[in-house]
Amino acid sequence: MKGITVFVITDILKNRIILFYALILGVFSWSVFSLEDNTSKGILSLLNIILLTVPLVSIIFSNIYMYNSAEFVELLVSQPVKRSSIWAALFTGLTVALNAAFLVGIGIPALIFVPEMTGIMVILAGMMITTIFVSIAMLCSILMRDKARGIGLSIIIWLFLSLIYDGLVLFFMFQYADYPIEKAMVFLSAFNPIDLARIQVLLQIDVAALMGYTGAIFKKLFGTPLGLLVSFLLMSLWVTIPYLISLKLFKKKDL
Amino acid sequence: MIQLIDISKSFGKTEALKDVSINLEAGKCIGLIGPNACGKTTMIKNILSMVVPSKGKILFDGQDIQGDVLYKKRIGYMPQIGRYPENMSVIQVINMIRDIRKFTGTEDEELFYAFGLDKISDKKMRTLSGGTTQKVSATLAFIFDPPVLILDEPTAGLDPLASELLRDKIIREREKGKLIIITSHLLSELDDLLTDIIFMQEASVLFYKTMPALFEETGEDRVSKAISKLLKSGVK
Chain A
1 MKGITVFVIT DILKNRIILF YALILGVFSW SVFSLEDNTS KGILSLLNII LLTVPLVSII
61 FSNIYMYNSA EFVELLVSQP VKRSSIWAAL FTGLTVALNA AFLVGIGIPA LIFVPEMTGI
121 MVILAGMMIT TIFVSIAMLC SILMRDKARG IGLSIIIWLF LSLIYDGLVL FFMFQYADYP
181 IEKAMVFLSA FNPIDLARIQ VLLQIDVAAL MGYTGAIFKK LFGTPLGLLV SFLLMSLWVT
241 IPYLISLKLF KKKDL
Chain B
1 MIQLIDISKS FGKTEALKDV SINLEAGKCI GLIGPNACGK TTMIKNILSM VVPSKGKILF
61 DGQDIQGDVL YKKRIGYMPQ IGRYPENMSV IQVINMIRDI RKFTGTEDEE LFYAFGLDKI
121 SDKKMRTLSG GTTQKVSATL AFIFDPPVLI LDEPTAGLDP LASELLRDKI IREREKGKLI
181 IITSHLLSEL DDLLTDIIFM QEASVLFYKT MPALFEETGE DRVSKAISKL LKSGVK
């Protein structure tokens, strides 16, 4: 298990795409922080970039990597290794490698320019998002035998969670603007990991005050230590549930 | 040594195996033959639990293999088409399997040198030809000196020289009392290799005979002729 995990990590870190990803994230964060005098504004711009690119790269890269390691998996299954160990090794490998790239690109500049809770929260949120989308990508790769369909499904999930979901929530909000829907809004946001990450970071920089009554509700529910704990728990569910489903399917898969 | 009890497997609507029950004993070299798509590879993959049977169970030394992986330490498997991670070199693949199996005995590196893999050990797997990939597969199957060898179309794609080397190796391993299972389409090359023969057709086992019994029954002395004679006369 350990040997396989180390192999997967080194294999991914040797991949030029990962280096390029770390580099691009680095360019983003250095330029955002250098251009903005106000670190809060900088964090906001960076947050938008992170919430768009990090899920996309994590899900697509992991998905393609899963399809490309079909041979590797086949070889391992014929050897005395548990299927659950193979799956865990792939998951750990992808998570560690992608998070390492994220830490180099965003983590280091964020800690240098914003050495406070806000900076740490951005890093934590980004790492959670990376891990969540690796887990979803592994589920996509096992659901679809065909590579093109698997990648298509990944793109749809990314599009849904990062754009369409918010659109639907906005639509819902405008339709029922006359009713007290703040609680429902909180409830809806809790089901989207990207929204959860966004809310946690926004609450750290106190712009929640600008969001009116809903913002106040958010602050009241998510701003407490308990709220923080709950939102991280919800995000952990986004990691564990897709992972466990994919593991269950992988154990029964015919190779 | 390996017992298959009422194994059935279907892929969607196609039945790949229908109620196959077979007992494979140590010290035998068993040829698994039959037309294309008769379930040979599926049966092998079931033994390695690469394919999960829809019904029935498989015992390895009396132990149910379901949920167990350590029994695979005692099997050397050479796949029909070896698929390896493309950007690993020959020696990296071998070292990774070494790391996984944690083999403590003395390794049998005979084929590694006989096939000249030591000279190309730094080459990436994707640059290798089909035949050379087969040589890597064969080396991996034999290197840990396992008591059971499962060879799926071992000589397909190998040049005559390498084929001959592998044949000799199989005969020597048979003499050591190992269980060897070979599938092949080329009946002619199995002649002095096998002790038993299993003929499969339409997802089930048509017959399982020892070679002397087969020759006696048909009055032939070549596997290919004996089989075709049996099939023509309509075996039971």
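Chains as they are written, first to last, in this note's numbering: chain A, 1 to 255; chain B, 1 to 236.
Using N, Cα and C, we set each Cβ at its ideal position, and we do this for glycine too.
Per-residue DSSP class, three states only, for residue i
i: residue 23 of chain B; result: strand
i: residue 86 of chain B; result: coil
i: residue 305 of chain B; result: Look at the range of chain B in this structure, 1 to 236, and you will see that residue 305 of chain B is not part of it.
i: residue 197 of chain B; result: strand
i: residue 140 of chain A; result: helix
i: residue 151 of chain B; result: strand
i: residue 122 of chain A; result: helix
i: residue 176 of chain B; result: coil
i: residue 50 of chain B; result: coil
i: residue 163 of chain B; result: helix
i: residue 181 of chain A; result: coil
i: residue 210 of chain B; result: strand
i: residue 99 of chain B; result: helix
i: residue 15 of chain B; result: strand
i: residue 63 of chain B; result: strand
Integer Cβ distance of residue i from residue j, believed to fall under 8 Å
i: residue 256 of chain A; j: residue 91 of chain A; result: The structure shown has nothing for residue 256 of chain A, since chain A only spans 1 to 255.
i: residue 4 of chain A; j: residue 65 of chain A; result: Actually they are not in contact, since the Cβ atoms of residue 4 of chain A and residue 65 of chain A sit about 14 Å apart, beyond 8 Å.
i: residue 98 of chain A; j: residue 58 of chain A; result: 5 Å
i: residue 67 of chain A; j: residue 141 of chain A; result: 6 Å
i: residue 247 of chain A; j: residue 77 of chain A; result: With 8 Å as the limit, residue 247 of chain A and residue 77 of chain A do not qualify as a contact, their Cβ atoms being about 14 Å apart.
Where residue i falls, given that 16 or more other Cβ within 10 Å makes a residue buried
i: residue 40 of chain B; result: buried
i: residue 177 of chain A; result: exposed
i: residue 153 of chain A; result: buried
i: residue 79 of chain A; result: buried
i: residue 82 of chain B; result: buried
i: residue 198 of chain A; result: buried
i: residue 35 of chain B; result: exposed
i: residue 171 of chain B; result: exposed
i: residue 112 of chain A; result: exposed
i: residue 73 of chain A; result: buried
i: residue 225 of chain A; result: exposed
CB of residue i within 7 Å of CB of residue j, strictly
i: residue 187 of chain B; j: residue 223 of chain B; result: yes
i: residue 222 of chain A; j: residue 231 of chain A; result: yes
i: residue 43 of chain A; j: residue 205 of chain A; result: yes
i: residue 138 of chain B; j: residue 200 of chain B; result: no
i: residue 136 of chain A; j: residue 151 of chain A; result: no
i: residue 201 of chain A; j: residue 122 of chain A; result: yes
i: residue 142 of chain B; j: residue 76 of chain B; result: yes
i: residue 194 of chain B; j: residue 29 of chain B; result: yes
i: residue 133 of chain A; j: residue 242 of chain A; result: no
i: residue 5 of chain B; j: residue 62 of chain B; result: no
i: residue 245 of chain A; j: residue 94 of chain A; result: no
Candidates the options: closest to residue i by CA position
i: residue 106 of chain B; options: B:123, B:69, B:146, B:60; result: B:146
i: residue 24 of chain B; options: B:59, B:45, B:166, B:16; result: B:59
i: residue 117 of chain A; options: A:63, A:55, A:136, A:39; result: A:39
i: residue 114 of chain B; options: B:136, B:66, B:101, B:6; result: B:136
i: residue 70 of chain B; options: B:102, B:212, B:181; result: B:102
i: residue 90 of chain B; options: B:120, B:116, B:74, B:110; result: B:120
i: residue 226 of chain B; options: B:182, B:215, B:233; result: B:215
Short CB-CB distance (under 7 Å) between residue i and chain C
i: residue 122 of chain B; result: Considering every chain present, this structure includes no chain C. Its protein chains are A and B.
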